[in-house]
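K.L.:
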Amino acid sequence: MNTFDTFAQRYLREWDKRATVRTQQRWRLPAEIDVGRLFPLDFQPIARHAAVVALGEKAVHEVLVRTLYKFQGEVAHLEMAIVGDLCGKLAGGAFSFPLPASVRQVARTIGVDEFYHSYLAREFIADLSQRTGIDPGPLPGWTYPLATALTALRRDADPAILGDAEIMVLCFAENFVTEELFGLVKNTPKDTAFHVALREHLVDEGRHQIFFQMLMRHIWQEIDESTRLALGRLLPGFLDAFILERESGRAFDLGILGLLGFDRIRSLEIARESYVAAYGGQQPRKSALFAIKRLFNLVRVARIDAHGPTREALVRSGWIDDQTPVARDSGG
Ligand SMILES: [Fe+2]
Ligand SMILES: [Fe+2]
-13 MNTFDTFAQR
-3 YLREWDKRAT
7 VRTQQRWRLP
17 AEIDVGRLFP
27 LDFQPIARHA
37 AVVALGEKAV
47 HEVLVRTLYK
57 FQGEVAHLEM
67 AIVGDLCGKL
77 AGGAFSFPLP
87 ASVRQVARTI
97 GVDEFYHSYL
107 AREFIADLSQ
117 RTGIDPGPLP
127 GWTYPLATAL
137 TALRRDADPA
147 ILGDAEIMVL
157 CFAENFVTEE
167 LFGLVKNTPK
177 DTAFHVALRE
187 HLVDEGRHQI
197 FFQMLMRHIW
207 QEIDESTRLA
217 LGRLLPGFLD
227 AFILERESGR
237 AFDLGILGLL
247 GFDRIRSLEI
257 ARESYVAAYG
267 GQQPRKSALF
277 AIKRLFNLVR
287 VARIDAHGPT
297 REALVRSGWI
307 DDQTPVARDS
317 GG
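Quick note on numbering: the sequence shown equals residues -13 to 318 in the numbering used here.
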């Protein structure tokens, strides 16, 4: 507890010196943007499909712009409705584990950061719409994988441990989303608007990620065995819903293809062919998914996999390989 308290106090001093909302003039989308390089093609396979390319540059650009609206729309929603909201609960809620006042203060600073990120994402969408003349239409609500996974967990969890379970989701979400942003920023040319916006966001997220690793470790240590068992039972189902869910992305792609004039059957074909071309036809086993590499860093740092029954549940559900070594306590 003492080290976590010390960490949180140092975090608060860092936040005051480094948080974008505290220290930086905010970045705005420039007047001149290169629409063809707005969103990395690797992350939107349908923009490369021959049938879409054949419609001309304007159609490809529209796919990229709409994909960017979706990306920023999800950021705007999740930062406020999920991460910001759960940070509010962390700051003021009652849990089965103890929390130093300094940690609750850190939760408030992260809530501030995330509402600011949400604000920036909405501003980006408005600016981009103004530059391109493309109406974003309705923006994402509780539809993307993290949102539907959290909804399912709220439905399934025992109300007695729901508060603890929501904070576990927050720790996983903050580790995963940060890694996703890191992956995107690495794959986006430095001189593009999207890269600059992502980099600005990541200034804060690196700090959040470390905090949530510390928090998860603290929680896992402090909760009693029955809570640990209950959280461990929820984890595989949550990961399935969060990491494997593809339906919302597919529905989105089919919507764009429909706007471009393809009928339903042709759209389904194009979507399928695009994903096979980009990722191959076979789904890799869960423990080999690229997306989980970093998530499992959290599992190891927090020593979640050192708990026998939780480890067994993760092995049974395919999230960790049987031979993966159990985390060793690195002290501290
Ligand atoms: Fe954020
Ligand atoms: Fe964050």
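Think of the CB as a built atom: it goes at the ideal place given N, C-alpha and C, for glycine as much as any other residue.
So, is Arg214 buried or exposed, given that buried needs 16 or more other C-beta atoms within 10 angstroms?
P.N.:
So Arg214 ends up on the buried side.
K.L.:
Assuming Ser260 is part of the alpha helix (DSSP H), what are its boundary residues?
P.N.:
That run of the alpha helix (DSSP H) goes Arg250 to Tyr265.
K.L.:
Using the C-alpha atoms, what's the distance from Ala93 back to Gln199?
P.N.:
Whole-angstrom Cα-Cα distance: 13 Å.
K.L.:
Can you have a look at Gly97 and say buried or exposed, based on whether 16 or more other CB atoms are within 10 angstroms of its CB?
P.N.:
That one is buried.
K.L.:
Whose CA, out of Phe29, Arg108, Thr6 and Gly149, lies closest to the CA of Gly74?
P.N.:
Nearest C-alpha to Gly74: Gly149.
K.L.:
Beta-carbon separation of Val61 and His103 under 8 Å?
P.N.:
Yes, these two residues count as a Cβ contact at 8 Å.
K.L.:
Are the beta-carbon atoms belonging to Arg203 and Arg289 less than 8 Å from one another?
P.N.:
Their beta carbons are under 8 Å apart, which means Arg203 touches Arg289 by this criterion.
K.L.:
Is it the case that the stretch 128 to 148 contacts the stretch 174 to 188, given that we only count it when at least three CB pairs across the two stretches are under 8 Å?
P.N.:
The stretch 174 to 188, when compared against the stretch 128 to 148, does not touch it at the 8 Å Cβ threshold.
K.L.:
So, at 7 Å on beta carbons, what are the nonlocal neighbours of Leu284 in its own chain, with the 5 sequence-adjacent residues on each side left out?
P.N.:
These residues qualify, in order along the chain: Cys157, Phe158, Asn161, Gln199 and Met202.
K.L.:
Quick check on Gln269: does DSSP put it in helix, strand or coil?
P.N.:
Note: Gln269 maps to coil in three-state DSSP.
K.L.:
Below 8 Å, how does it come out for the stretch 239 to 248 and the stretch 45 to 56: are there three or more Cβ pairs, yes or no?
P.N.:
Yes: the two stretches touch, three or more of their Cβ pairs being nearer than 8 Å.
K.L.:
Any idea if Trp128 is buried or exposed, counting beta-carbon neighbours within 10 angstroms, 16 or more meaning buried?
P.N.:
Answer is exposed; the Cβ neighbour count stays below 16.
K.L.:
Let's see if you can read the secondary structure: which residues bound the alpha helix (DSSP H) around Leu230?
P.N.:
Per DSSP, Leu230 belongs to no alpha helix (DSSP H) and is neither H nor E.
K.L.:
Rounded to whole angstroms, what is the Cα-Cα separation between Glu0 and Asp226?
P.N.:
Near 35 Å, if we compare the C-alpha coordinates of Asp226 and Glu0.
K.L.:
For His320, tell me which candidate among Ala(-6), Thr(-11) and Pro131 has the shortest Cα-Cα distance.
P.N.:
The structure shown does not extend to residue 320, since the chain spans only -13 to 318, so no value can be given for it.
K.L.:
Which of the three DSSP states, helix, strand or coil, is assigned to Asp239?
P.N.:
Three-state DSSP puts Asp239 in a helix.
K.L.:
Would you check if the stretch 178 to 194 and the stretch 253 to 263 touch, i.e. whether three or more CB-CB distances between them fall below 8 Å?
P.N.:
No: the two stretches stay apart, fewer than three of their Cβ pairs being nearer than 8 Å.
K.L.:
DSSP three-state call for Leu41: helix, strand or coil?
P.N.:
In this structure, Leu41 counts as coil in the three-state DSSP scheme.
K.L.:
Relative to ligand 2, is the shortest distance from any of its heavy atoms to the C-beta of Ile256 smaller than 7 Å?
P.N.:
False, no ligand heavy atom lies under 7 Å from that Cβ.
K.L.:
Of the choices Pro26, Glu259, Gln268 and Gly123, whose alpha-carbon is the least far from that of Gly169?
P.N.:
Here the closest residue by C-alpha is Pro26.
K.L.:
Using the Cα positions of Asp315 and Gly218, report the straight-line distance between them to the nearest angstrom.
P.N.:
Any reading at Asp315 needs caution, since the residue's pLDDT is 47, under 50, leaving its predicted position unreliable; the model's value is listed next. Between Asp315 and Gly218, the C-alpha separation is close to 19 Å.
K.L.:
Kindly indicate the opening and closing residues of the alpha helix (DSSP H) around Tyr130.
P.N.:
It is not in any alpha helix (DSSP H) - Tyr130 carries neither H nor E in the DSSP assignment.
K.L.:
Does the beta-carbon of Asp99, which I'm using as the reference point, lie nearer than 7 Å to any heavy atom of ligand 1?
P.N.:
Answer for Asp99: yes, Cβ within range of ligand 1.
K.L.:
Tell me which same chain residues have a C-beta within less than 8 Å of the C-beta of Gly22, skipping the five on either side of it?
P.N.:
Closer than 8 Å at the Cβ level, and outside the excluded window around Gly22, lie Glu43, Val46, His47 and Leu50.
K.L.:
Rounding to the nearest angstrom, what Cα-Cα distance links Leu281 and Ile229 in this structure?
P.N.:
Cα to Cα, Leu281 sits roughly 10 Å from Ile229.
K.L.:
Within 10 Å of its beta-carbon, does Ser253 have 16 or more other beta-carbons around it, so buried, or fewer, so exposed?
P.N.:
Buried, since its Cβ has 16 or more Cβ neighbours within 10 Å.
K.L.:
Just how far apart, CA to CA, sit Lys56 and Ala237?
P.N.:
Going by the C-alpha atoms only, they are around 12 Å apart.
K.L.:
What separation, rounded to the nearest whole angstrom, lies between the Cα atoms of Ser212 and Glu152?
P.N.:
For Ser212 and Glu152, the distance between alpha carbons rounds to 16 Å.
K.L.:
What did DSSP end up calling Gly317 once you bin it into helix, strand or coil?
P.N.:
At Gly317, the pLDDT of 39 sits below 50, so the modelled position is not reliable; the number obtained from the coordinates is stated separately. Coil.
K.L.:
Exposed or buried, what is Gln269 when buried is set at 16 or more other beta-carbons lying within 10 Å of its beta-carbon?
P.N.:
Exposed, by the Cβ-count rule.
K.L.:
Please work out which residues of its chain come closer than 6 Å, Cβ to Cβ, to Leu54, disregarding the five sequence neighbours upstream and downstream, and give them in chain order.
P.N.:
Contacts found: Leu24 and Phe25.
K.L.:
Is Asp190 near ligand 1, judged by its Cβ being under 7 Å from some heavy atom?
P.N.:
Yes.
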